[in-house]
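**Q** Chains as they are written, first to last, in the numbering used here: chain G, 3 to 241; chain H, 3 to 241.
No residue lacks a Cβ here, since even glycine has one placed at the ideal position from N, Cα and C.
Just so you know, these numbers come straight off a predicted model, no measurement behind them.
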DNA sequence: TTTATTATTATGTCCATACATAATAACGCA
DNA sequence: TGCGTTATTATGTATGGACATAATAATAAA
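Here is the structure:
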């Protein structure tokens, strides 16, 4: 008997083979249910998942049509620095460089959505893979959102690991860019001034309050981010 | 009456508020169905979607438990260069620099999964935002996978746009990195040699055959990629 | 002809029920 | 005590029927 996964795969095959071309309507659920010998609810489930994945668009009364031009999107796993380093088979080490509670700079205040001069926590630290510097971290923490940070000295456990435990679910915005290493960055990363670095900038928030704003800088010659984006629900063992 | 979306939101709220802590079991479907006054199928649908989103893990007989440590993942929209430039309000222009059918280099052969020396298409071109160079493109096309490329001169329509139309559904692997501009890159991007560039490398394939391998280089001072990653199914108007 | 009303249609969702399946727990035997 | 068998349990999936809803088409009124 055919399951909704079978239906889902068959429908995906018809889409990706252009049997049902982009922009065109596909047969309605009733018709497909009869063709496949299943209940309409089964077809509905299959096609709804395909719609969630962005391959078709459904509208009541109008029917279901194949989405004209899909934008490519990649799912990037934002690396957790310790795991990343340990997965490379290297020894992970963390070093705190600075931890101050100081009035927020203009930029920090803007990013944290607090008024300039409000006290916030500034942290600078770095992470090593073996003996090689891997990541240089410059962070602001909004103490109004995470007051418990005052009690942390961040000497043994890094601020990111602590925050992930303290505020496990938060929204985030990431920016990836290439830049020339600043004086301080190049020094801590063991690079020449102006050498290319890969910067991940992250801002996280929850219930309207910004939690932290951080810039993670990596040596350009060693660091990269890889994503693999497969067509879902295709023939090749996708469950 | 409560819909499965209501249930989904309530359950997400209990997870993100740590009412149901990480690693712990949550009540089973029967119990929740009774609590919410709905059929078990309704609870099932709600929680299955949450499981697909990666917040809980379900196992028969064992039950459903909150996933211990979620890795942060970001959904990156890979920009389509023309759209990106036009969205910035700039005029898009494309210029072909080279188009040859030549024996694949060692690296190209490896990436295209063909034997070294097999003829493939090499394309070099660039894309402008107004008068400013925005992207420098170095591409190999596997002619065994896309023979129709031989008939294309790529003077008016760029290879990427053509390929997206020719092979609309393909799997992809992306690599993002920061690098120092090569001689050729810096020249075409109007940069100094060694200036930082943001490189997107992409390989696409379909039915086991590699289609194309391309390196897209952007000036580091102008280019960045931004992602926004919200906790799904949360209180704030999701869907 | 324009506008308001009504009918039609495809999808959206729910329910009760049934049975399948995978994982675990309990049991019985050696 | 160790091991193989059986029972139990939570989730997985299918069904037919029902009604809701949004969008469109058809119709009637102004």
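Which value, in whole angstroms, describes the spacing of the CA atoms of residue 146 (chain H) and residue 10 (chain G)?
**A** Position 144 of the second chain, counted from the first residue, corresponds to residue 146 (chain H). Position 8 of the first chain, counted from the first residue, corresponds to residue 10 (chain G). One C-alpha to the other measures close to 30 Å.
**Q** Let me see if you follow: with CB-CB separation under 9 Å, is residue 18 (chain G) close to chain H or not?
**A** For the purposes of this step, residue 18 (chain G) is taken as the residue at position 16 of the first chain. Chain H, which has a Cβ nearer than 9 Å to the Cβ of residue 18 (chain G), makes this yes.
**Q** Anything in chain H within Cβ reach of residue 24 (chain G), meaning under 8 Å, just list it in chain order.
**A** Taking the first residue of the first chain as 1, we reach residue 24 (chain G) at position 22. Residues of chain H passing the Cβ test: 170.
**Q** Are there 16 or more other CB atoms within 10 angstroms of the CB of residue 179 (chain H), so buried, or fewer, so exposed?
**A** Stepping through the second chain from its first residue, residue 179 (chain H) is reached at position 177. Under this definition residue 179 (chain H) is a buried residue.
**Q** Would you list, in sequence order, the uninterrupted alpha helix (DSSP H) runs of no fewer than 4 residues that lie entirely inside the segment 114–188 of chain H?
**A** 161–168
**Q** Just mark residue 188 (chain G) as buried or exposed, buried being the case when its beta carbon has 16 or more other beta carbons within 10 Å.
**A** In the first chain, counting from the first residue as 1, residue 188 (chain G) sits at position 186. Around the CB of residue 188 (chain G), 16 or more other CB atoms lie within 10 Å, so the residue is classed as buried.
**Q** Within the same chain, show all residues whose beta-carbon is closer than 7 Å to that of residue 207 (chain G), passing over the 5 residues directly before and after it, in chain order.
**A** In the first chain, residue 207 (chain G) corresponds to position 205, counting from 1. Answer for residue 207 (chain G): 172, 173 and 213, listed in chain order.
**Q** Would you mind stating whether residue 191 (chain H) and residue 138 (chain H) have Cβ atoms separated by less than 9 Å?
**A** Along the second chain, one-based indexing puts residue 191 (chain H) at 189. Along the second chain, one-based indexing puts residue 138 (chain H) at 136. It is a contact, given that the beta carbons lie within the stated cut-off.
**Q** Based on DSSP bridge pairs, tell me the residues matched to residue 94 (chain H).
**A** Looking up residue 94 (chain H) in the second chain gives position 92. Its beta-bridge partners are H:131.
**Q** If you draw a straight line from the C-alpha of residue 239 (chain G) to the C-alpha of residue 185 (chain H), how long is it?
**A** Looking up residue 239 (chain G) in the first chain gives position 237. Looking up residue 185 (chain H) in the second chain gives position 183. Low confidence applies to residue 239 (chain G): its pLDDT is 46, below 50, so where it sits in the model is not reliable enough to give any reading.
**Q** Determine the extent of the beta strand (DSSP E) in which residue 231 (chain G) is found, giving its start and end residues.
**A** Against the first chain, residue 231 (chain G) aligns to sequence position 229. Per DSSP, residue 231 (chain G) belongs to the beta strand (DSSP E) from 226–231.
**Q** Does DSSP put residue 197 (chain G) in a helix, a strand or coil?
**A** Locating residue 197 (chain G) in the first chain gives position 195, counting from the first residue. Coil, per DSSP.
**Q** What does the Cβ neighbour count give for residue 18 (chain H), buried or exposed, with the cut at 16 atoms within 10 Å?
**A** Taking the second chain and counting its residues from 1, the one referred to as residue 18 (chain H) is at position 16. When all chains shown are included, residue 18 (chain H) counts as buried.
**Q** Below 8 Å on the Cβ atoms is my guess for residue 237 (chain G) versus residue 15 (chain G); work out the distance and round it to an integer in Å.
**A** Against the first chain, residue 237 (chain G) aligns to sequence position 235. Against the first chain, residue 15 (chain G) aligns to sequence position 13. Right, the Cβ-Cβ distance comes to about 7 Å (below 8 Å), so this counts as a contact.
**Q** Span of the beta strand (DSSP E) holding residue 76 (chain H)?
**A** Here the question's residue 76 (chain H) lines up with position 74 in the second chain. Its beta strand (DSSP E) spans residues 75–79.
**Q** Does the pairing of the segment 52–60 of chain G with the segment 102–118 of chain G give three or more beta-carbon distances under 8 Å?
**A** no
**Q** Roughly how many whole angstroms lie between the Cα atoms of residue 148 (chain H) and residue 232 (chain G)?
**A** Locating residue 148 (chain H) in the second chain gives position 146, counting from the first residue. Locating residue 232 (chain G) in the first chain gives position 230, counting from the first residue. The straight-line gap from Cα to Cα measures roughly 19 Å.
**Q** Strictly below 7 Å CB to CB, what residues from chain H border residue 79 (chain G)?
**A** As a working mapping, residue 79 (chain G) is identified with position 77 in the first chain. The contacting residues are 73 and 75.
**Q** Rounded to the nearest angstrom, what separates residue 34 (chain H) and residue 22 (chain H) at their Cα positions?
**A** Here the question's residue 34 (chain H) lines up with position 32 in the second chain. Here the question's residue 22 (chain H) lines up with position 20 in the second chain. So the two alpha carbons sit approximately 13 Å from each other.
**Q** How far does the alpha helix (DSSP H) with residue 52 (chain H) in it reach, from first residue to last?
**A** Sequence index remark: in the second chain, residue 52 (chain H) carries index 50 (1-based). 42–54 is the extent of the alpha helix (DSSP H) around residue 52 (chain H).
**Q** Within its chain, find whatever has a CB closer than 6 Å to the CB of residue 219 (chain G); leave out the 5 residues flanking it on each side and keep chain order.
**A** The residue you call residue 219 (chain G) lines up with position 217 of the first chain. So the qualifying residues of the chain are 138, 187, 199 and 201.
**Q** Identify, in the order they occur along the chain, each residue of the same chain with its Cβ nearer than 6 Å to the Cβ of residue 27 (chain G), setting aside the five sequence neighbours on each side.
**A** Residue numbering aside, residue 27 (chain G) sits at position 25 when the first chain is read from its first letter. Taking C-beta separations shorter than 6 Å and ignoring five residues to either side along the sequence, the partners of residue 27 (chain G) in its chain run 65 and 67, following chain order.
**Q** Which of the three DSSP states is assigned to residue 235 (chain G) in this structure?
**A** Stepping through the first chain from its first residue, residue 235 (chain G) is reached at position 233. Coil, per DSSP.
**Q** For residue 227 (chain G), decide whether its Cβ has a neighbour in chain H, counting only Cβ atoms nearer than 9 Å.
**A** As a working mapping, residue 227 (chain G) is identified with position 225 in the first chain. Interface residue, yes.
**Q** Quick one: what's residue 216 (chain G) bridged to in DSSP?
**A** Position 214 of the first chain, counting from 1, holds the residue named residue 216 (chain G). Paired residues: G:141 and G:204.
**Q** Please list the partners that residue 222 (chain G) has in chain H, where partner means a Cβ-to-Cβ separation under 8 Å.
**A** What you label residue 222 (chain G) is simply residue 220 of the first chain in a count that begins at 1. Residues of chain H passing the Cβ test: 179, 180, 181, 182 and 198.
**Q** So, under 8 Å CB-CB, residue 140 (chain G) and residue 126 (chain G) are touching, yes? Tell me the CB distance rounded to an integer number of Å.
**A** Residue 140 (chain G) sits at position 138 when you count from the first residue of the first chain. Residue 126 (chain G) sits at position 124 when you count from the first residue of the first chain. Indeed they touch by this definition, with Cβ atoms about 5 Å apart.
**Q** Just checking: is the beta-carbon of residue 231 (chain G) within a distance shorter than 9 Å of some beta-carbon in chain H?
**A** Counting from one through the first chain, the residue named residue 231 (chain G) turns up at place 229. Closer than 9 Å: yes.
**Q** For the segment 81–105 of chain H, which residues have a beta carbon sitting closer than 7 Å to at least one beta carbon of chain G?
**A** 82
**Q** Mind checking if residue 59 (chain H) is an interface residue toward chain G, Cβ cutoff 9 Å exclusive?
**A** By 1-based counting over the second chain, the position of residue 59 (chain H) is 57. False, the Cβ-Cβ gap to chain G never drops below 9 Å.
**Q** Does the contact criterion of 3 or more C-beta pairs under 8 Å hold for the segment 69–86 of chain H versus the segment 76–89 of chain G?
**A** yes
**Q** Rank H:84, H:36 and H:59 by C-alpha distance to the C-alpha of residue 135 (chain H) and give the top, closest one.
**A** By one-based count along the second chain, residue 135 (chain H) stands at place 133. Selected option, being the one with the closest Cα: H:84.
**Q** Using the rule of at least 16 other Cβ atoms within 10 Å of the residue's Cβ for burial, across every protein chain shown, is residue 32 (chain H) buried or exposed?
**A** Residue mapping note: residue 32 (chain H) aligns to position 30 of the second chain, counting from 1. Exposed.
**Q** Considering only their Cβ atoms, is the gap separating residue 115 (chain G) from residue 211 (chain G) smaller than 9 Å?
**A** In the first chain, residue 211 (chain G) corresponds to position 209, counting from 1. In the first chain, residue 115 (chain G) corresponds to position 113, counting from 1. Note that the C-beta distance between residue 211 (chain G) and residue 115 (chain G) is below 9 Å.
**Q** CB-CB under 7 Å to residue 13 (chain G), same chain, minus the five flanking residues each way: which ones, in chain order?
**A** Position 11 of the first chain, counted from the first residue, corresponds to residue 13 (chain G). The answer, listed in chain order, is 48, 49 and 52.
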